[in-house]
Structures are given as structure tokens and as C-alpha cells.
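J.: Just so we're on the same page, this note's numbering is the position in the sequence shown counted from 1, plus 326. Beta carbons are placed, not taken as given, at the ideal position from N, Cα and C, and that holds for glycine.
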Amino acid sequence: MMAAVPLRSGPADACGERRHPSSRTPHVMEVSMRRKPAIKVTTVYAGLAATWILVSSGLIPALDSVMTVGQWVELAKGLVFVLVTAVALYQALRRIARDETLRYQLLLAEHPQPMLLIDPGDGRIVDANRAAAVFYRWPLDRLRALTLFDLAVSPRELVADDLRQVCDRRRLRFETKHRLGFDEICEVEMFAGPARIADRELVYSVVVDVSERQRAVRELADRERRFHALFEHALSAVVILVPVRDAEGLLVDFTVLDCNNALREHLDIDPGRAVGRHWSEVVPEADREALFMPLADVLAGVGSSRFEAEAFGRTLAVNAYRIGLDQLVAVFADVSAGARAQQALRASEARYRDMFEHNPNPMWVFDVETLAFLDVNDAAVRKYGYSREEFLTMSIDRIRPPEDVALLRVDVAQPRVGAEAPERWRHLLKNGRLIEVEVACHDFEFDGRPARMVLIHDLSDRIRIENALRESEERLSLALLGANDGWWDWDLESDRLYYSPRWWSMLGYAHNELPADSGLWRRLAHPEDLPEAERIIRETLAEGRRRYRVECRMRHRDGHWLPIVSSGLVTYSGEKPIRISGANADLSGFHRLDEQRRMIERVFVASSQGMMIVDRDGVILDVNPAFEAITGYSRDEVIGRSPRLLQSGRHDQAFYAALWQTLTETGQWRGEVWNRRKSGEIYPEWLTISADRDEQGRVRQYIGVFSDLTQVRQANDKAEYLLRHDPLTGLINRAALIERMTHGLARARRASTGAAAVLVAVEGLTAVVDGLGHPAGDQALAGVARRLAAQVRASEVLARFGERVFAVFSEDAAVAEHLASLAGRLLSVFDPAIEIDGHRLVLTADIGIALFPDDGETVTDLLKHAESALDAARAAGPRRWRCFSEALGQQAERRLQLESGLVSAIERDELLLHVQPQVDQDTQALAGVEVLLRWRHPALGLLGPGEFIPVAERLGLMPDIGAWVIDALCTHLKEWRARGIVVPLAAVNVSVQQLDSTELPGQVAAALSRHGVDAGQIELELTESMLMRDPEQARLLLTRLRELGVGLALDDFGTGYSSLASLSRLPLTRLKIDRSFVAQIGREMRAEGIVRAVIGLGRSLGLTVVAEGIETPEQAEFLRREGCRVGQGFLYARPMPIATLPDWLGLFRQAHTEG
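#1: Taking Cβ to Cβ, would you say R1446 is nearer than 9 angstroms to Q1247?
#2: For L972, which residues in the same chain have their Cβ closer than 7 angstroms to its Cβ, ignoring the five residues on either side in sequence?
#3: Apart from the five residues just before and just after T1466, which ones in its own chain have a Cβ nearer than 7 angstroms to its Cβ?
#4: Taking S1351 as the reference, which of V1330, P728, A1360 and L1429 has the closest Cα?
#5: Between L856 and the rest of its own chain, which residues show a CB-CB distance below 8 angstroms, the 5 nearest in sequence each way excluded?
#6: Does E683 pass the burial test, meaning 16 or more other C-beta atoms within 10 Å, or should it be called exposed?
#7: With a 10 Å radius around its C-beta and 16 neighbouring C-beta atoms as the bar for buried, classify W605 as buried or exposed.
#8: If we require 4 or more residues per run, which alpha helix (DSSP H) segments fall completely within the stretch 962-1034?
#9: Answer with buried or exposed for W1207, where buried requires no fewer than 16 other C-beta atoms within 10 angstroms of its C-beta.
#10: Going by DSSP in three states, G906 sits in which element: helix, strand or coil?
#11: Starting from the C-beta of G1070, find all residues in its chain whose C-beta is less than 7 angstroms away, skip the five residues before and the five after it, and write them out in chain order.
#12: Are the Cβ atoms of Y1330 and L1370 separated by less than 9 angstroms?
#13: Touching or not, the stretch 959-979 and the stretch 988-996, by the rule of three or more beta carbon pairs under 8 angstroms?
#14: Between which residues of its own chain and L785 is the CB-CB distance below 8 angstroms, once the five residues before and five after are set aside?
#15: Count the other C-beta atoms from every protein chain shown that fall within 10 angstroms of the C-beta of V1255, then say buried if there are 16 or more, exposed otherwise.
#16: With a floor of 3 residues, list each beta strand (DSSP E) that falls wholly inside the stretch 1054-1138, ordered by position along the chain.
#17: Can you tell me whether P620 is buried or exposed, with buried defined as 16 or more other CB within 10 angstroms of its CB?
#18: My output table needs one value for W847: the three-state DSSP class, helix, strand or coil.
#19: Could you work out which residue in E591, N1059 and D1286 is closest to R1130 when comparing CA atoms only?
#20: Let me know the secondary structure DSSP gives T1036 once reduced to three states.
#21: Between the Cα of E1089 and those of P1101, T1068, T1036 and L1153, spot the shortest distance and give me the residue it belongs to.
#22: Select from V479, G1174 and A1199 the residue whose C-alpha is nearest the C-alpha of L1188.
#23: Using three-state DSSP, classify S1402 as helix, strand or coil.
#24: Quick check: R495 and D488, are their CB atoms within less than 9 angstroms of each other?
#25: For the beta strand (DSSP E) that contains A1199, what are its first and last residues?
#26: From the DSSP output, read off the bridge partner residues of Q1242.
#27: Could you compute how far the alpha carbon of V529 sits from the alpha carbon of T502?
#28: Whole angstroms is fine: what's the gap from L1239's alpha carbon to C1296's?
#29: Based on DSSP bridge pairs, tell me the residues matched to P889.
#30: Pull the bridge partners of P569 from the DSSP assignment, please.
#31: Rounded to the nearest angstrom, what separates S1147 and L1054 at their Cα positions?
#32: Is L1321 near the ligand ATP, in the sense that its beta carbon is under 8 angstroms from a heavy atom of that ligand?
#33: Can you give the Cα-Cα distance for T641 and L1049, rounded to whole angstroms?
#34: Report the option in C1450, G1455, A1419 and I1421 whose CA atom is closest to the CA atom of E1434.
#35: Let me confirm a value: H886 is counted as buried when at least 16 other C-beta atoms fall within 10 Å, else exposed. Which label applies?
#36: If I'm right that A622 touches L577 with Cβ under 8 angstroms, what's the distance once you round it to whole angstroms?
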């Protein structure tokens, strides 16, 4: 035991005399064992006690005279008492000293961390605990024979000075490096303090392994340098601005806090002179307003973060965003450079894409609204175990434990702008393992959708190391869990092996996941490598060597082979080997470096960009195949020659002088250059030259990378054409039309003349597409375009305005005669029919016209009013044309109000339910209600369904509105049931869109289940025309609804064209006689006959018949007499708010009870 080890004697140092209690810290466990010698304390006590007895007994005056016997007795009693208590005190002090020594030895032995007791005079290790021996990998006796100077890597003078500072209490914590066994160097932190033990002044030290922490600090510093390099070498100009405010807090200017070198290229501003200056001093006076106000709006959170500005003599695309609460980052890109800017953009995207794909940390992009993965990099695929295809079908909540999903959704709802501190989350791997990660993210737009980019740093290893340090035991856990090597210890006599946690994690296993016996490493070793490894170990033991080294592959938990180097140290007892200890190191990193080198060579060879390496004297060292393909020169023809052989002669000496000056000052130059191929052809290329420097900053070589811009320019010309023209018809597109109209209206305004915007909508294409397919529809549309172009005059502009709409802008059609002529010419192109592949296609058109300046003075107003006129022409019938009028404008404005308000009517709780009772005409009891929908528009008031339902159907909102109606109705039925109010049946109208949706049965079932409503209380009303659109599909859907127990009614029966055969196959429960027939009862015999027929048909099919629109007692009596029991109409009640039904029902029952 450690406690049995005696302390060695040695020279003492006077360090303890300078100790002060205020120097104690929580990290230093100072052992203060200084005790006054027991004999000295006892003697002082005896003297003081005897003096007190003499004084308190009044014997001091008697000493000058003869003392009485009584006085002598009192004096003897006191002295005997002092003597006895002094002996007891002496024994107690001796016992305390021994107990404190034992406590110190127990503390030293049982402490889980390495502890050293050091003589500050000569640095000798006076004592150490078992944890220190394990940490330093030395036997305990050998460790006690060493000095601190033997362990320290620092010079002896520095170590001695550290010991003196500990003695003086000037410094109690050190970070240094120590030598361990096997010639390893470890970074440690020492918490030290002076201690006096057995009258010796010593230094007490606790040693902590900080290798992993220091590695993390270095990685953080490297990451900061990389991000700084990214900032400095970004292709766009980046400026960080701090607002300048006046005494009232108003923003008056910005201060340039930092900027990158691209500021010189994009804004012609010296970055070194810009930092620290006001923004108004940097920006030319004429451009200050264009740049200051948008940036001020972004800082205030009210402006767009992306805008364009004309400044510095060019067009700038600006992307600005806030950092924190009061800083602004502005990114400027020169978008006026045409092909050069586009090429630079593509190069920048490629670089950032490369950074994303090759980042060693997992990264992904997800949709903020749907949480779906939009993109992931290879590191994420490797880390999480999902393939890229699997990722792209998942949402991010799949990789979160269920209990974290709610917090995730809250977090996603918070915008991420600028730099924010990373957050810690838990993630689920595909194999089910839960890991803790650090997440950094930023919001941006991805293909026009709000998205978030996420960078993941796995904290698993760090957390595992921290936990293992807290649970450290006697073994090497404390020293080796944070190391990168997997340590193992093999007791050859007991054949027992210990594997460190890092050994397990290196191979992907949890600690002790497999049986930790001596055969484990053999089972995991590659069969081809195992014989050689065993041979080396056998020969090492047979020849009595202490060290060996083996390289082999070991199977990782996920199945791949991990290259491992295992270094072993053999311990002998005499000549007998008794123990082998060692460590396994992962060689995959070295293999990856080698693979990266080979990958760079492959990129050099396979790149489509020309590459040229030139030494600092301007001699070509190497070129890649793309260089040969672009220039026409072979590799052998250019190696050893000067790049001047490629010069075209278009650039003068000043151009090359500026190029070399920029390259010398910044280390890089990029720009467009005209060079000459071997064939003599001159061509443009985008060239980037970078200087490769050594550690001292001296240029070793230059690397040139260039792309042939010939095809890029051709592609740009084509792209420019497509930006302004419709590819199908060859006509200008909507954007180009607006531009032409803007100029035309300006001319008409100056000349005080008129103009007209004409929209031509082609009708009949739907039938062509349905019958012959989309290619035929495209051919027909192209044919119409050709005919229209033949009718358009030189002063008129023809464009494709929409999918099936053409536009004509005329500057000489300001009077009715001209308008009629123009409309006639345009309509004439549809005669005769168009022939395609032997088919004669009959197409028609509708035309809407708006005049300048009567119908609008802007392009927007003119086109909007032409669309309103086009809608009116469509409503009037085929081959009609209409001019805009004020009434049409009002209709369009009201339609726009309805469309914009209806989208959010449910959210704003603007929809209302009304009901109209249905009465049993025999018993005068409530037979049910029909549910009617109303909309309380904030500006237009209460609207009936006839006004807004068609709008909802056009916008595709009826499925959502219908689901809301059913849910709201079930809420009221549940409430009425709780109040004891019985409503036998509630009928709800169903729209065509609901019938076309397969979700209707599920929505109804969910509402019934959610509110606990009986399905028999709900009836869905459908019309004949809805059912006859697709009778078979309607039958299947209605069958599913009837299986739920829901009733089905055929509304407005007799007004459609359904056959009795089709009707008999539908699972209906009620027929409703249309109000138009009921209104003619007593007036027209034919209507009465139809009513009788419907009632008879319902009776024969076993259906309940309901009559709508009953307004007179005569109508009610006729229907009751003919066998129609259920009636509905103003005779009984008008439609009422659903909340008032219970009151009406009470009054209705009271009236009939009294009657």
C-alpha cells in the first residue's frame, strides 16, 4: 500500500515560511502539516499554568515571607495538576501529528489523479501515488528515483524557477510538457502548492492531462485562420459596418470596421485606407444616397437584404445582413461586367460547393418550412449512416429523438441571421445510436425557398473523454482516454487483456461491447495480416526483445477494414515475459493524406480547365491535358519554355506590368486575357494566377488556371436571347413587352397621343391537348403565333403574354374605328381551322382591350385593365372583344378583394355557419337543419355563398373550407348534446373539389372521432352535375362515406341530367326537390307533375324526400298530401346564425304546443 512507503529524507528549502492563507485556490489542495514541537508547546503551557496558580492563589506575596503549611499544600496541589495536564497535552499533540501523517499518506494513495511530492531544492520526487505511476508509465520505485527535471521537457532553469514561484505562492498552476514512458511527450497542467511534512518544506503537485484540450484549442485557432482566409480571399467585396448615431440616437453614418481585399477590385477602394473611416468618406458623394438609405433600412429591419445600386460607376448587387443588434455586413458584387461576372460567379459557386462537399464535418441544407433535407455533404453520409438518396427523402426531425422534436420546431421558427453561438443538440444515427453535437447554422434562400445551412461538430468523443476522466480508476484511463491511441495491456500469466475506451471507439465499438479476451484482437485482425503479426510477436518473445511494431488491418464495427499500427512493450521477469503493454494508432489519416495527394494529381490530369505550373523564373514546369486541348500545344512543346509563347499581342506592356504588380502584392491575379492558340487563333480566357510560397514567404512557383470563354460567350448570347423571347413561338416575352410598352407610353405621353394594350386569349387548346397531347397543343399555339404575326403592323408589338394568351401593343389604335379594325384582324387569324398531322383544329379567341391614357397611364394599370376586359369578353361568349370600362374595374377590384381576403378567412375567424331548419310536416317536429356558409368580410360585410364560393373554387380553397365547416358543425352538435338539445340531422353541402379529393372520407371520420359525434347526425348534400362528371368514381367515394354511417342527399334533383340507372347505383339516403319546382305548385300543372314523380321515385327507391323553398301553406299542404313529409323554407324559418338555433327551437316547440 502507498501508506506504507516511508518519506525519504533530503535537504529542505525555506519555501514554507512565505506561505499566506490568501493564496489558497479551489484547485490546489494544500497540505499544511506544520506543527510546533509537542515538547515546546507543553513547556509553554506548564509555565503559564504555574504562573496562573501562583497569581490566582495569592501566593506571590508569601514567597517573600515564611509560608504556612496550608499555603504549601495549595501550591503542591496546583503544581501536581499542572504536571498531569501537561503530560496529557503532550500525548494528545503526538497523537494528532501521527494522525495527520496517516491522513496525508491515505490521501496520496487513494487520490484518482497523479500526485507528486517534490523537493524544491533539487527537484527530487520524494513521493508519488499509484495514479502517477500509471500516468507516467513508470514503476512506482523507478518514478521515485527520478527528479522533476527528468520529467519536464522545459529547460532546467525554467523548472527550478517554477518551483521557486510555488514556494513563494506567486504561481500555483502551470501548463507544460512532461516525458512519459516509451519516449512519449504529453501536455499537462500542474496544480501545485507548498507543504510542510515531517519538518520538511516540500511542493505538492496534482497533474492533469490536457493534451486533448490543447489539441481542441489548436483546432479552433486553425479554424479561425481558415475562416479569416475565406473572408480575405472571397471573390465579392465584404464590408463590416458599425452605425454612427447623433446625440438623439438617429443614424447619420457608418464606420468601416473591417473589409476584405476584394474591395479594391469591385469598388476601387484601398482596403487599408477604408478601415476606421466613415462610410460617407469612402463612398463618392454622388453615390452616398443610393448606398446609405438601403443599408440603413436593413439595419432597422424594414428593408430588403438584397438590392442593386448604381455606384462607383457600375452596377452593384448588394446583400446586407445584420450581425447581432448593431452591426451590418454588406457584400458587394459588380454585376455590370457581363460574362466576366457570370464566370466569376460560377467559379465562386464551384469553390463554395467544393467547400461544402469536402468539409470534414457533416453539413446539410434543409427547408425551413417543411424541414425536408435539400442537400447533404459526404461527411454527413459517412457520419449518420444514411445514403444521400435516403437523406433527400427525409426531414430533419428523423435524426432527432422524439422528445426533442418539439424544441426543434421552436428553434427552426427562430430566424438565424449573422454569426450566432453554436448550439448543442442530440442526434440519432441510422444504427440508433444517440450522439451529442454542436450545431452552427445560417438562413439563406435555396432555389427560391427559405432554407437553413447547418454545420455539425460531433461532441461524442469529447463527451466520452470527459465522462471517462470523471470515472477514472487505477488503470491508465485518466492518462489515455483523451489520447488518440487505443491502449491495451496483456497479462501473459493470467492471459487477461484490458482494452482502453479509445481502443474500442477506434474500431467503432462501445466499451467492452465484445468479450475482452486475448483472442479478440485475433478475431478482428485481417486474415491476410494475422500470420505476420503473430510471427513478429513470437520472434520478439523468443529473442527477448522489449519492443516490437506491427501493421495490420482490423475490422471496424461497420464492416470496413481500418489500417492499424500496434506498438508493444514487453515486460520480463528474469527471462520470462510476463506482460505486454502497448497502443494502437489509426493509420487511416496518413492513408487519406496519401489519397489526397493522388486525388490532386487526378484532378490536375482530369480537370477541364487548363493548368500551368511555372517556376519563379518564368519557365513552364508542367501543364495538364486540358492545357493541351485548349491551346493546341503538347506538353513536350511547352515544358522549359516561357508562357510568352501564348501571348496574342492584344495587351500592351502596361497590362502585364499591372498584372505582375498585383500578383507580387497580393499573391493572386485574376482576369480576362486574350491568348493565341498554336493554330494562330486568338481566343478569350479567364485566367487566375496564384503564387505558391514556402514557410518563409518566398515564391516557389506560380500556378495558372484558365478556362476558354469562347463557348461561354456564345452561351451568354443565347441566354440573353432566351431572357427576352419565348422559345416556342419566337415572340418577345412578357418582360420584353413591358419594356417596349414603357418606352411606347413615354412617346405617347410626350406626343399627347393614345395607345392600346390588347390581350388575345386562345380558346379550345384544352381539347387539343386532351385529344392529341401536349406536342400538338404546342404546334397549334406556334401556328396561331405565326398567323398573328402576319396580321400585326410594323407600328405594333406582338408578344406571348401567358401560357395561352398573346398581347399586342399598338400606338395608333386610339379610336373606335382603329380598335374595331385591330380586333377584326386578330380574330380573323382563327379562320380557317389549323391543320396538324391531318387533324383540323378549330380554335377561337377572346380579346380584351385597354386604352391609354383613359384606362390607365402605367403599363401595370393598362395590362391589369386589359385582363379585366378579357374576362368580360370570355363571359360574353366565344369570338368576342370588349374594352375596359369603370364597371369592369369595380368588378375586378371586388374580385381581387374577395380573392385576397378569402385565403386567410379561416385563420382570421371570418367564416360563419347559418342553419335553416327542416320540419316534419306531419308532426311539426324538427327533422333536421341545412348548414349554410356565410363570410363576414371586414370591408364588404356579410356575404352569401353565391358570391364567394365560386372564388374559393377557382383558388382551390374548397377542400380546406369544407373541412372547416364539418369540424365547426361537429363542435356545435357536441355542445348541443351536452345541453340536452337534440338535432336529428345536419346537412352540409359538398363542393366539386371536395368530391374530387380522396381525403373527404378521412376528414369526416376524423371530425366525428375528435368530437364524439354520431355519424348518423351528418348528411352530405351533392348535386346531379357533380355526380355525373365521373359516376363510377363518385359511386366509390359515396360508398366509403356511407360505410362511415354518414347520410347522403341528392340536392336540386330534377335540374340535372342524371339517369335513373346511375341514380339507383348510388348509396343515397334522401332526395331534395329543387325550389324552382316547389315555387310553381298551384300555378303550373307540369311542375306539380314533376314533384309527384320525384316523390314517387324517392318512395320506390326507399329514399326520404325533402322539399326546399316552401313559402306558403298551400305548397306545404300539397307536398304533405302527396307524401313528402320533410319541408324547408321561409314558411317555417329563414336561415339563422347557428348559435341562435336553440332559442328558435324553444319558441317553435312552444308555439306548436300552445296551438
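T.: Let's see:
#1: It is a contact, given that the beta carbons lie within the stated cut-off.
#2: If the five residues before and after L972 are omitted, its C-beta is found closer than 7 angstroms to the C-beta atoms of T957, N1001 and R1002, all from its own chain and listed in chain order.
#3: Excluding residues within five positions, none has a Cβ falling inside 7 angstroms.
#4: Closest by alpha carbon: A1360.
#5: Same-chain partners within the cutoff: R848 and C878.
#6: Burial check for E683: the Cβ neighbour count within 10 Å stays below 16, so the residue is exposed.
#7: The residue is buried, with at least 16 neighbouring Cβ atoms inside 10 Å.
#8: Every unbroken stretch of the alpha helix (DSSP H) spanning 4 or more residues and falling wholly within the stretch 962-1034 is given here in chain order: 979-992.
#9: Only buried fits W1207, as 16 or more other CB atoms lie within 10 angstroms of its CB.
#10: Note that residue 906 is Ile in the sequence shown here, rather than Gly. Strand, per DSSP.
#11: Here the set comprises A1081, F1135 and E1137.
#12: The question names Tyr, but residue 1330 in the sequence shown is Val. Contact flag set, yes.
#13: Not touching, per the Cβ criterion.
#14: Cβ neighbours of L785 within its own chain (closer than 8 angstroms, five residues either side excluded): R750, I761, E762, V763 and E764.
#15: Buried: at least 16 other Cβ atoms inside 10 Å.
#16: Counting only runs of 3 or more, we get 1081-1089, 1122-1126 and 1131-1136.
#17: Burial check for P620: the Cβ neighbour count within 10 Å reaches 16 or more, so the residue is buried.
#18: Helix, per DSSP.
#19: Out of E591, N1059 and D1286, N1059 has the C-alpha closest to the C-alpha of R1130.
#20: Looking at T1036 - three-state DSSP - the assignment turns out to be helix.
#21: Among P1101, T1068, T1036 and L1153, the Cα nearest to that of E1089 is on L1153.
#22: Each of V479, G1174 and A1199 was checked against the Cα of L1188, and the nearest Cα belongs to G1174.
#23: Here S1402 carries a helix assignment [DSSP, helix/strand/coil].
#24: Cβ distance not < 9 angstroms, so R495 and D488 don't count as in contact.
#25: Per DSSP, A1199 lies in no beta strand (DSSP E) segment; the continuous alpha helix (DSSP H) that holds it begins and ends at V1185 to A1202.
#26: Beta-bridge partners of Q1242 (DSSP): E1256.
#27: The alpha-carbon atoms of V529 and T502 are separated by roughly 17 angstroms.
#28: Between the alpha carbons of L1239 and C1296 lies a distance of about 12 angstroms.
#29: Answer is R879, bridged to P889.
#30: Beta-bridge pairing links P569 to F580.
#31: About 28 angstroms.
#32: By its list of ligands, the structure shown contains no ligand whatsoever, and the ligand ATP lies outside what it can speak to.
#33: In this structure, the CA atom of T641 is about 19 angstroms from the CA atom of L1049.
#34: For E1434, the closest of C1450, G1455, A1419 and I1421 by C-alpha to C-alpha distance is G1455.
#35: By the beta-carbon neighbour count (other beta carbons within 10 angstroms, threshold 16), H886 is exposed.
#36: About 5 angstroms separates the two Cβ atoms, so the contact holds.
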